[in-house]
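Below: one structure, written as C-alpha cells.
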Amino acid sequence: MVANTDMNAGMKLSLWLRCQHCHLITYHPERFGNGPDNIQQNCSVCDADPTQKVMYFEHSLSVTLQFIQRAYESKQNLVSIDTFSAQATDKYPVSIVIFFAILQDLLLDRLLRDLAEARGIPKVNQLLAEHPLYAQKKKSLFPRCAGIDWDIALSKIQPNAKYDFFRLDQTLQQLTSLRQRFIYLGFGWHLSHKEATDCINSVEPLINLHVLLHNRYVHPCYLKTTRRNCQQNK
140 MVANTDMNAG MKLSLWLRCQ HCHLITYHPE RFGNGPDNIQ QNCSVCDADP
190 TQKVMYFEHS LSVTLQFIQR AYESKQNLVS IDTFSAQATD KYPVSIVIFF
240 AILQDLLLDR LLRDLAEARG IPKVNQLLAE HPLYAQKKKS LFPRCAGIDW
290 DIALSKIQPN AKYDFFRLDQ TLQQLTSLRQ RFIYLGFGWH LSHKEATDCI
340 NSVEPLINLH VLLHNRYVHP CYLKTTRRNC QQNK
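If you want it as C-alpha cells, here you go:
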C-alpha cells in the first residue's frame, strides 16, 4: 500500500481467498486480470472445488484501509493558518497511526478467533475482552491459542517470507509509541514524512504476516480434518 498505486488497498484485500475445506489462504491477482487464471483451479492442497474459495478478509478491513489511505493523502490539505500552524503544513495527520492501530487489532482479532475455532478453544470473546491491548493479545493470548510464542512463530515463517517480519515488528512498536504519545500525553498531532511513510508501507507486510500465520497455525488443523473425512468417504 503506497500513495501512488494502480489498485487501492481495499481491492487488494479481495484478492486473498480462503478454501472453505482446508482453510488455506491464497492470493489471486487474476481476479482483476493480472497473472495466470488459477482461481478456477481446485485447491492446491486439498483439491477442493474452486467454488469453495471465498474472500477471507472482512469488509471492515477494507474500510479501515480506506481511512488510512485518505489520512495519508490529506497531508496536502493541511492549511497554514498562522505562523505557528505553518510548521505543520509539511506533516501528516496523526489519524494515520490511529487507523493503523485499528487495522492491527482487526487482523490479530481475526487470527485469534480462527485459531480458537480451529483448536477448539472455548469462550474466545471472553478471552479477547480480558486481553484488550494489542501487546497483551500478542504476548499472552496468541501463545495460548497457537501453542507457540509470537517471536518463535515469526522465526518459523520468516525463511520463506517476502518481508522481514522482525523489522516490521520493530516498526510496529515505534508506531504504537506514537499513538500512545497522542492518546495518553495529548501531543504529537502530526506525523513526520518518515513516520507516515513507515505506517503506510507497513500495511502490506502486516497483511502478509497474518496470512502466513494463518496458513502455518490454522490451516493444518482443518487439513487434518479434511483428510480424515476423505479417508472415511473412500
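First residue of the sequence shown: 140, per this note's numbering; consecutive thereafter. Cβ atoms here follow ideal geometry from the backbone N, Cα and C, with glycine treated the same way. Computed from a predicted structure; not experimentally measured.
Looking only at its own chain, which residues have a Cβ that is under 7 angstroms from the Cβ of residue i, when we skip the five neighbours before and after it?
i	result
H162	V357, H358, Y361
N181	A187, D188, P189
Of all the options the options, which has the alpha carbon lying nearest to the alpha carbon of residue i?
i	options	result
I322	I237, L204, S294	I237
E197	D288, F304, Q159, R249	R249
S201	F239, C182, S234	F239
L352	S316, I339, L293, A274	L293
Between residue i and chain B, is there a C-beta pair that is closer than 9 angstroms?
i	result
N299	In the structure shown, chain B cannot be found, because there is only a single protein chain.
Assign residue i to one of three DSSP states: helix, strand, or coil.
i	result
V263	helix
L152	helix
R249	helix
I322	helix
P271	coil
V342	helix
F223	Note that F223 scores 48 on pLDDT, short of 50, meaning its location in the model is unreliable and no value can be drawn from it.
Y195	coil
Y361	helix
Are residue i and residue j closer than 9 angstroms when you measure CB to CB?
i	j	result
F304	Q297	yes
C284	R258	yes
Y231	A335	yes
S183	F206	no
Leaving out five residues before and five after residue i in sequence, what residues of the same chain have Cβ atoms less than 8 angstroms from its Cβ?
i	result
I260	L254, L266, R283, C284
N347	A300, K301, Y302
Could you round the C-beta distance between residue i and residue j to whole angstroms and report it? I think they count as a contact, below 8 angstroms.
i	j	result
Q374	H160	Limits of the chain in this structure are 140 at one end and 373 at the other, which puts residue 374 out of reach.
Y211	R157	With 8 angstroms as the limit, Y211 and R157 do not qualify as a contact, their Cβ atoms being about 28 angstroms apart.
Excluding the 5 residues preceding and the 5 following residue i in the sequence, name in chain order all residues of the same chain whose CB lies nearer than 6 angstroms to its CB.
i	result
Q179	P189
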